[in-house]
Every structure is written in C-alpha cells, then in structure tokens.
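Here's the structure we're looking at; comments come further down.
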Amino acid sequence: MRLRAVVLLALPLAAGGAFFWGPTPPEALREPAVVASHDGVLQLTLTAARGATQVGGRRVIAQVYNGSYLPPTLRVQPGDVVRLRLVNALDETTNLHVHGLAVSPRDTALIVEGLLDPFPALRDVHEHVLLLKDAQIGGGKVVPRGIGDDAIRTVNGMVNPTITLRPGETQLWRIGNVGADLYYLLTLDGHRFYEVARDGHRLARLVPKQQLLLEPGAREEVLVQAAGPGTYALRTAGFDTGPQGNHYPGAVLATVRVKGGAVPPLALPKRLLPVADLRRRITDRRTIVFSESADGDTFFVDGRTFDPNRIDTRVKLGAIEEWTIRNESGELHDFHIHQTHFQVTEVNGVRQQFDGYQDIVNVPVHGEVKVIIPFTDPNIVGRFVYHCHLLSHEDKGMMATIEVMP
Ligand SMILES: [Cu+2]
Numbered sequence: 003m004r005l006r007a008v009v010l011l012a013l014p015l016a017a018g019g020a021f022f023w024g025p026t027p028p029e030a031l032r033e034p035a036v037v038a039s040h041d042g043v044l045q046l047t048l049t050a051a052r053g054a055t056q057v058g059g060r061r062v063i064a065q066v067y068n069g070s071y072l073p074p075t076l077r078v079q080p081g082d083v084v085r086l087r088l089v090n091a092l093d094e095t096t097n098l099h100v101h102g103l104a105v106s107p108r109d110t111a112l113i114v115e116g117l118l119d120p121f122p123a124l125r126d127v128h129e130h131v132l133l134l135k136d137a138q139i140g141g142g143k144v145v146p147r148g149i150g151d152d153a154i155r156t157v158n159g160m161v162n163p164t165i166t167l168r169p170g171e172t173q174l175w176r177i178g179n180v181g182a183d184l185y186y187l188l189t190l191d192g193h194r195f196y197e198v199a200r201d202g203h204r205l206a207r208l209v210p211k212q213q214l215l216l217e218p219g220a221r222e223e224v225l226v227q228a229a230g231p232g233t234y235a236l237r238t239a240g241f242d243t244g245p246q247g248n249h250y251p252g253a254v255l256a257t258v259r260v261k262g263g264a265v266p267p268l269a270l271p272k273r274l275l276p277v278a279d280l281r282r283r284i285t286d287r288r289t290i291v292f293s294e295s296a297d298g299d300t301f302f303v304d305g306r307t308f309d310p311n312r313i314d315t316r317v318k319l320g321a322i323e324e325w326t327i328r329n330e331s332g333e334l335h336d337f338h339i340h341q342t343h344f345q346v347t348e349v350n351g352v353r354q355q356f357d358g359y360q361d362i363v364n365v366p367v368h369g370e371v372k373v374i375i376p377f378t379d380p381n382i383v384g385r386f387v388y389h390c391h392l393l394s395h396e397d398k399g400m401m402a403t404i405e406v407m408p
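Okay, structure coming up:
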C-alpha cells in the first residue's frame, strides 16, 4: 500500500469475547497503541487470537489483535509503504480491511489526503483517538451480541476515562465506532462538535453539531473547543433500532475536565476545501433492498443472502451511480461500501445538504436513502463488497458483491 498523506486506520475485530466485570476508579484517557512508519515503511504483523487482556482495568478473556482489546492505530506519512501480515490464530475465519481509502483489490495501491494540513492555525491542535466499543455480558456470562442486558461502553478499552482540556483549548478528536452492532449517539455537555471529516473524508465546511450519530463502522473527526472550567460528560444516548430491532440504554462514555490556564480560542474556519458535488454527473441509477426474515435471523440484500462466488452488481469504471437503498425491515441497517465513498442526497425523500462524502449511512426503518457513488478511481477495478455494517446482520447474509470493470 503506498500512501499519499497522513492517514489513521482503525482496525475493528469482528469477533466477540468473554468478559468479567466490576467497578473501576477514574483514569486519564490512554490512546490506543500506535504503530508508526520508519524510513518510509510501516511493517506490522497482526495476530488475531483468543487470550487474556485488559478491559476497563479488568482482566478478561477475549478475541484480540496482538493481545490487546483495542486495535492498534497505524500512523504513516505521505508516500509511505504499509506491509501488513495477518495471522489468524482463531478457530474461525477472520479478515482485515481498510476503510476510507481506495485500495485496489489487485495491487493494493491507496490514495488518501491530509486532514488539517491546509489550515495552518489548526495544524498543531492536540489530538485524541477515541475508539468506541461495547462488551456485552449478562449474569456474568457472555451473551449473544445485541441482546445483552449489561452492555459496557468503553473508550479505548476504558470505562469513563477522563479527558483534560484547558479553557478555550481546541482539540481534534478522531472518533471511531469499532463495536460490532451498537449505534452511538454522542453529546458533550455544554459543548458542540465541529465536524471536520466523516469516514475519513474531509468535508467542504465545518459542520457544527449538538449530536453525533456513529453507526457501526462509522468514523467522525471533530474539533472540540473547551468551555469554561468545569466537568462535562461525554454521553451516548439510549437508542432504539426499531420494532424488529433492539433498545439499549445510554451511558457516560468519558468525563471531560476543563481546568488550568485559559488559552485564547482559535478562530475556526467556516469553509474547508471544496468537495465535488456529484448531483449533476449521475450516469446510472439502481435500487438496493435490505430485508430480513420474520424471525429476524436471516438477512438479505435484494432478496438473497451473501454468496462470495456470485457477482451481484456490475459497474463500469467511470460510472457515477445514484443508488436508492431501501430498508424493508422493521429495524435499522447501515449501508457501507468498500473501496469508494458516496454523497448522501436524500433521506426518506428529504433533500440533504451537501457537505462532503462518507462511506456509511444509516437507512431508516421502512425508509430509504439516496446516495451518489463515484466508480471513477481506476484503482478500484476488481471485486469487492457492500453490506450492512451491523456485524450480526452482515454475518447472517446482508452482504453482496460488486465488480467494477475496466
Ligand atoms: Cu443491518
């Protein structure tokens, strides 16, 4: 993989694990382990295995990468080469893929761009990586994902860690939902988020948001500007995924402490850099339907479960397609496509403001979204997949193949 700019990868491990749980004292947020490139090369072996690790200060047995509950983050510089080796020591198949980057299925070249590089005032803001993940237990035992009565919400594997800012300080938070099935709906008491990028794609402007929705697999890069001295909770709200879905309670994810000497707040730019609006460039249209069986145990894309040997959609390189993604079930799904990104234009018939691209979108219960997907990057020629990013749905069929032909 050859990189053109600074990039941050979060590698979620799909599998669940066994957890033993108890209260823990507050701790300062720790960043996930960072693997950085040296002399233009990042070399890493990832071993997926079952073993003892730490969650929220407790020893647990879980399925982990390189012995850690948290996936490592990889930091590379423009032009670097990344060599990843995946060793599967689990007794089931696993796989690894990269979001937010165009990776050729044939020769793994990738193209990305820097995030805050073009904005000198923001280049040096302090940064945190916040990886959100849940562990579900019931009665002290592992329970199937999505029905746990006791979902522990963690940030970087920690329960309610403390994040400290000075009054007026601006920080960049790179937030990823690396859990399997749960949605996160974030608020920060007394503050708003300024969205810079969605799923690794820089937006055309800073979007102020009181709430941030992170579907399973979603990434958000936001600026946070600290208010006056005090203690503020970063919360995720209770969430309902529909009559055929699940309801789970909210939680305090982290405690934000604002203290120390005040700093003058940075003037935040309203506009970032232009992003091409694809609405007048559509070449083809198609409809994709998500549905599920009445017992909620089998999941379909266009009435079929996943078959890796079948090609479901064929697209010519250069096409810019409008896809209508319809959810015919009674619970939420989130549509995700590999290798490219899209522009969301409508949700349930309501036109959406164009701010930039993303690669995951929530599809409302018995509703639909319209997205415009560019298949214009020659690096994506080959086969890849699109699917619902809730792992329990994807694992039970809700995935399909696409081939981009030269
Ligand atoms: Cu789904």
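When you read off a place in the sequence shown, starting at 1, and then add 2, the result is the number in this note's numbering.
No residue lacks a Cβ here, since even glycine has one placed at the ideal position from N, Cα and C.
Thinking C-alpha only, which one of R281, N311, T166 and L174 is nearest A321?
-> R281
Any beta strand (DSSP E) of 3 or more consecutive residues that is wholly inside the stretch 170-235 | 172-179, 186-190, 195-200, 203-211, 214-216 and 221-227
For L216 versus N179, is the C-beta distance shorter than 8 Å?
-> yes
Is I290 closer than 8 Å to W325 when the C-beta atoms are compared?
-> yes
Any non-hydrogen atom of ligand 1 closer than 7 Å to H130 Cβ = no
Which one of H338, A256, A264 and V209 has the shortest CA to CA distance from L274?
-> V209
Give a yes or no on whether the C-beta atoms belonging to F366 and V349 are separated by under 8 Å.
-> One detail in the question is off: residue 366 reads as Pro in this sequence, not Phe. Result yes, Cβ atoms of P366 and V349 sit closer than 8 Å.
Around the C-beta of P122, are 16 or more other C-beta atoms found within 10 angstroms, so that it is buried, or is it exposed?
-> exposed
Best match in R287, R77, I63 and A54 for proximity to S39 [C-alpha to C-alpha] | R77
Got a sec: does ligand 1 put a non-hydrogen atom nearer than 7 Å to the Cβ of L184?
-> no
So is D119 in contact with chain B if we call contact Cβ pairs under 8 Å?
-> Among the chains of the structure shown, chain B does not appear; only one protein chain is present.
Does at least one heavy atom of ligand 1 sit under 7 Å from the Cβ of F301?
-> yes
Using a threshold of 8 Å, state whether the C-beta atoms of V66 and G53 are closer than that.
-> yes
V131, buried or exposed, once every other Cβ within 10 Å from all chains shown has been counted against 16 | buried
Same chain, Cβ closer than 7 Å to E222, five either side skipped, listed in chain order | I177, E197, R200, L214 and L216
Whole-angstrom distance between D336 and H389, CA atom to CA atom = 8 Å
Contacting residues, own chain, Cβ-Cβ under 8 Å from F292 (five flanking each side not counted) = F301, F302, V303, I327, R328, N329, E330, S331, H335, F337, V365, C390 and M400
Sequence-distant residues of its chain with Cβ nearer than 6 Å to L184 (five each side left out) = D136
DSSP three-state assignment for N364, whether helix, strand or coil = strand
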